[in-house]
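A short write-up of the structure that comes next.
Residue numbers (my numbering): 3 to 73.
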């Protein structure tokens, strides 16, 4: 994914300054809070998406196992 590639290359989340950048240049607390809240929202939506995908895959596995048991 794009995020994984970005993290691998830059060693931090997109739109989030690295710890080194914060230490070197500082960062306004309101900006930090806003950025972190945005990332929490993104992660929550991603988790919801993954959960739905996981449930669908589990259902497919159960159906497959049921069909195997019948044969």
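We treat Cβ as the ideally placed atom computed from N, Cα and C, and that holds for glycine.
Here the structure is a predicted model, which means the values were calculated and not measured.
Rounded to a whole number of angstroms, what is the C-alpha to C-alpha distance between residue i and residue j?
| i | j | result |
| --- | --- | --- |
| residue 43 | residue 11 | 23 Å |
| residue 54 | residue 45 | 14 Å |
| residue 33 | residue 41 | 12 Å |
| residue 64 | residue 6 | 31 Å |
| residue 70 | residue 57 | 20 Å |
| residue 61 | residue 68 | 10 Å |
| residue 66 | residue 22 | 50 Å |
Short check: CB of residue i to CB of residue j, under 7 Å?
| i | j | result |
| --- | --- | --- |
| residue 20 | residue 27 | no |
| residue 29 | residue 16 | no |
| residue 37 | residue 18 | yes |
Hey, quick one: how far does the alpha helix (DSSP H) through residue i stretch, first residue to last?
| i | result |
| --- | --- |
| residue 8 | 4-12 |
| residue 25 | 21-27 |
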